[in-house]
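Written out below as structure tokens is the structure these notes cover.
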Amino acid sequence: DTLKASENKVVKKEEPENANQSITRMDGNCSSSIPRDRETDGIKINGVNRARAFKFNELVAATENFKAAYFLGEGGFGKVYKGFLGDTGQVVAIKQLNPDGCQGNREFIVEVLTLSMADHPNLVKLIGYCVEGHHRVLVYEYMPLGSLEDHLHDPWSDKKRLDWNTRMMIAAGAARGLEYLHDKMKPPVIYRDLKGSNILLGEGYHPKLSDFGLAKVGPLGDKTHVSTRVMGTYGYCAPDYAMTGQLTFKSDIYSFGVVLLEIITGRKAIDNTRSATEQNLVAWARPLFKDRKKFHQMADPVLEGHYPVRGLYQALAIAAMCVQEQPNMRPLIADIVTALNYLASQKYDPEAQPPQRSRKNSSSRKSRSIDDQNTPINVEGHNRTRSIDDQKCPINIEGHNRTRSIDDQKCPIIVERQQNKFRGTKLKNQIGAPPTGILIQPFRGLS
Numbered sequence: 011d012t013l014k015a016s017e018n019k020v021v022k023k024e025e026p027e028n029a030n031q032s033i034t035r036m037d038g039n040c041s042s043s044i045p046r047d048r049e050t051d052g053i054k055i056n057g058v059n060r061a062r063a064f065k066f067n068e069l070v071a072a073t074e075n076f077k078a079a080y081f082l083g084e085g086g087f088g089k090v091y092k093g094f095l096g097d098t099g100q101v102v103a104i105k106q107l108n109p110d111g112c113q114g115n116r117e118f119i120v121e122v123l124t125l126s127m128a129d130h131p132n133l134v135k136l137i138g139y140c141v142e143g144h145h146r147v148l149v150y151e152y153m154p155l156g157s158l159e160d161h162l163h164d165p166w167s168d169k170k171r172l173d174w175n176t177r178m179m180i181a182a183g184a185a186r187g188l189e190y191l192h193d194k195m196k197p198p199v200i201y202r203d204l205k206g207s208n209i210l211l212g213e214g215y216h217p218k219l220s221d222f223g224l225a226k227v228g229p230l231g232d233k234t235h236v237s238t239r240v241m242g243t244y245g246y247c248a249p250d251y252a253m254t255g256q257l258t259f260k261s262d263i264y265s266f267g268v269v270l271l272e273i274i275t276g277r278k279a280i281d282n283t284r285s286a287t288e289q290n291l292v293a294w295a296r297p298l299f300k301d302r303k304k305f306h307q308m309a310d311p312v313l314e315g316h317y318p319v320r321g322l323y324q325a326l327a328i329a330a331m332c333v334q335e336q337p338n339m340r341p342l343i344a345d346i347v348t349a350l351n352y353l354a355s356q357k358y359d360p361e362a363q364p365p366q367r368s369r370k371n372s373s374s375r376k377s378r379s380i381d382d383q384n385t386p387i388n389v390e391g392h393n394r395t396r397s398i399d400d401q402k403c404p405i406n407i408e409g410h411n412r413t414r415s416i417d418d419q420k421c422p423i424i425v426e427r428q429q430n431k432f433r434g435t436k437l438k439n440q441i442g443a444p445p446t447g448i449l450i451q452p453f454r455g456l457s
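If you want it as structure tokens, here you go:
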């Protein structure tokens with residue numbers, strides 16, 4: 011594909027090679043100009059071990075003929091209903107695909123195969139599927155608390171607003187699910203559609219990634235990317251992928267950074283109700299990353315100041331690195347998991363600490379100082395070092411060919427090289443681990 015892209019739009023210039031099966035999902039909608047595969051019979055799904063093949067009349071019975079009272083939601087793919095399986099009584103979510111919707115036979119098969127091979131507590135479980143006539147139905151475990159998007163962006167929702175601790179727990183869990191896809195699945199998988207509506211919440215706000223119709227097997231061997239038509243959701247799609255069609259694991263990292271910004275700020279990735287300069291979340295956030303005095307402006311007003319200042323800085327630093335324009339400047343998912351696991355473990359007690367205000371004099375507090383006159387997140391040239399000044403920033407990453415370190419006297423996240431005794435969790439290097447290994451651990455001295 012030849013595309014022109016900016017932070018605010020993606021323009022398609024040429025048809026994909028196989029237009030019959032291509033669905034481009036941008037801004038949450040299908041591209042109506044691209045014909046969809048309308049084959050209704052003959053789908054064969056091989057290699058599915060854990061998923062059950064349902065008959066359509068079983069699912070009709072489970073939903074009382076898709077009764078309105080069981081309706082949970084609707085998207086470009088079709089409608090989702092709550093159901094009760096007759097033989098076991100299990101509560102499930104039943105996604106009935108719209109024949110004229112976004113998800114064609116190809117995407118349907120990809121989702122069934124991906125979830126049938128996957129087994130992780132942060133991925134939604136596929137109970138089964140139905141292929142009968144023109145019917146395409148997916149049956150998932152039921153997630154009673156809905157989606158992350160519902161909790162962050164639905165002003166009419168009766169759902170409880172998320173506090174800081176819950177937000178960090180959700181972010182860490184979603185990162186672990188993505189890590190499983192990138193590092194643990196064989197072959198590795200690029201998610202390609204990470205967004206708030208695809209992060210579902212179970213009991214205790216336990217997050218699980220869902221909707222794998224756009225998943226793609228990642229590059230294998232010496233390959234650095236997969237060339238493919240651009241698909242995804244506007245606002246979450248990495249600009250490098252949108253411009254070139256070259257899909258990498260770092261494409262998912264960008265999308266994760268957008269989701270993390272949504273979690274921190276409570277803003278939508280794209281919000282056309284805001285002024286022109288604030289409609290795109292990443293474009294709005296980038297100037298604010300450069301001014302520590304404005305960090306508090308990025309916290310979700312719903313939190314009403316109930317968040318740890320240092321935790322906010324650290325979370326913003328992670329998000330800022332994820333949404334770097336250059337994909338090789340973005341961290342690996344394993345690094346993100348380690349950092350977010352640490353943040354999620356640092357419980358904030360709103361009863362014990364007063365709410366944060368505009369902290370005009372906070373720069374004088376040396377223990378939490380980030381130089382107001384300097385960009386807190388600084389990435390230098392590829393051929394020298396990639397650094398974030400360890401005197402000024404909560405996260406410091408040094409050169410590709412040397413070490414990646416975070417000063418253990420200044421920063422909550424320590425990355426260090428050790429010859430003998432290893433402490434903490436082993437960390438993979440983006441470029442290639444040095445012979446001595448790179449490790450990461452929480453800074454014990456932080457409160």
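The opening position of the sequence shown corresponds to residue 11 in this note's numbering, with each subsequent residue numbered one higher.
Just so it is clear, CB atoms sit at the ideal spot from N, CA and C, and this is done for glycine as well.
In this text, all values refer to a predicted model and were calculated from it rather than measured experimentally.
Practice item. Just mark Ser237 as buried or exposed, buried being the case when its beta carbon has 16 or more other beta carbons within 10 Å. Key: exposed
Exercise for review: Ignore the nearest five residues each way along the sequence and tell me which others in Phe66's own chain have a CB closer than 6 Å to its CB.
Suggested key: Cys140, Glu142 and His145
Practice item. Quick one: residues in its chain with C-beta nearer than 8 Å to the C-beta of Thr275, no 5 flanking neighbours on either side, listed in chain order? Key: Leu291, Ala295, Met308, Ala309 and Asp310
Exercise for review: Confirm, please, whether the CB-CB distance from Lys218 to Ile200 is below 9 Å.
Suggested key: no
Check your understanding: Which term fits Arg186, buried or exposed, when burial requires 16 or more other beta carbons within 10 angstroms of its beta carbon?
Key -> buried
Check your understanding: Along the chain, where does the beta strand (DSSP E) that runs through Val90 open and close?
Key -> Gly88 to Phe94
Exercise for review: For Asn290, write down the residues that DSSP places opposite it in a beta bridge.
Suggested key: Ile280
**Study point:** Lys260: first and last residue of the uninterrupted alpha helix (DSSP H) it sits in
**Key:** Phe259 to Thr275
Exercise for review: Would you mind listing the alpha helix (DSSP H) stretches within the stretch 127-180 that are 4+ residues and don't spill past its ends, in chain order?
Suggested key: 158-163
Exercise for review: Please determine, among Lys77, His216 and Asp221, the residue with the shortest C-alpha to C-alpha distance to Ser207.
Suggested key: Asp221
Review point. Among residues of its own chain, excluding the 5 on either side of Lys105, which ones have a beta-carbon nearer than 6 Å to its beta-carbon?
Key: Val90 and Leu148
Check your understanding: Is it a yes or a no for the stretch 120-130 touching the stretch 73-89, going by three-plus beta-carbon pairs under 8 Å?
Key -> no
Review point. Should Leu224 and Asp193 be called a contact, given that it needs their Cβ atoms to be closer than 9 Å?
Key: no
Practice item. Could you check the C-alpha separation between Tyr246 and Tyr264 for me, to the nearest Å? Key: 7 Å
Review point. Is it the case that the Cβ atoms of Tyr215 and Leu313 are separated by a distance below 9 Å?
Key: no
Check your understanding: What are the partner residues of Gly83, as DSSP defines its beta bridges?
Key -> Val90
Exercise for review: Check whether the stretch 239-258 touches the stretch 171-184, counting contact only when three or more Cβ pairs, one atom from each stretch, lie closer than 8 Å.
Suggested key: no
**Study point:** Asp399 versus Tyr323 - alpha carbon distance
**Key:** Note that Asp399 scores a pLDDT of 38, beneath 50, so its modelled location is shaky; the value from the coordinates is reported in the next line. Cα to Cα, the separation comes out at about 14 Å.
Review point. Nearest to Ile273 by CA position, among Tyr150, Ala72, Ala184 and Ala103, is which residue?
Key: Ala184
**Study point:** C-alpha distance - Glu74 paired with Arg62, whole-angstrom precision
**Key:** 20 Å
Practice item. Under 8 Å by Cβ, that's how I've got Lys169 and His161 pegged, so tell me the actual separation to the nearest angstrom. Key: 5 Å
Point to revise | Nearest neighbour of Glu213, chosen from Gly138, Arg239, Asn132 and Gly255 [CA to CA] | key: Asn132
Check your understanding: From which residue to which residue does the beta strand (DSSP E) around Gln106 run?
Key -> Val101 to Leu107
**Study point:** Beta carbon of Val347 nearer than 9 Å to that of Ala182
**Key:** yes
Exercise for review: Locate the alpha helix (DSSP H) running through Pro249, then write down its first and last residues.
Suggested key: Pro249 to Thr254
Exercise for review: Give every residue of the same chain whose Cβ lies closer than 8 Å to the Cβ of Asn371, excluding the five residues on either side of it in the sequence, and list them in chain order.
Suggested key: Confidence at Asn371 is low in this model, with a pLDDT of 41, below 50, so the placement of that residue should be treated as unreliable; the coordinate-derived value is given next. Hits under 8 Å: none found.
**Study point:** Spatially closest choice to Tyr251 from Gln100, Gln334 and Thr283, by CA coordinates
**Key:** Gln334
Point to revise | According to DSSP, residues forming a beta bridge with Val236 | key: Leu257
Check your understanding: What does a CB cutoff of less than 6 Å around Ser374 pick up in its chain, not counting 5 residues either side in sequence?
Key -> Note that Ser374 has pLDDT 38, beneath the 50 cutoff, so the model's placement of it is unreliable and the number below is only indicative. Cβ within range, chain order: n/a, list empty.
Check your understanding: With distances taken from CA atoms, which of Thr287, Leu211, Met195 and Val269 is nearest Gly279?
Key -> It is worth fixing the name first, because residue 279 is Ala in this sequence and not Gly. Per the Cα distances, Val269.
Point to revise | Residue range of the unbroken beta strand (DSSP E) whose run includes Leu210 | key: Ile209 to Leu211
Point to revise | Asp97 versus Leu211, Ala71 and Phe118, residue with shortest Cα-Cα distance | key: Ala71
Point to revise | In DSSP terms, what Asn119 is bridged to | key: One point to set straight first is that residue 119 is Ile, not Asn, in the sequence displayed. Answer is none; Ile119 lacks a bridge partner.
Check your understanding: Which one of Leu210, Pro249, Ala248 and Phe259 has the shortest CA to CA distance from Thr229?
Key -> One point to set straight first is that residue 229 is Pro, not Thr, in the sequence displayed. The option with the nearest alpha carbon to Pro229 is Phe259.
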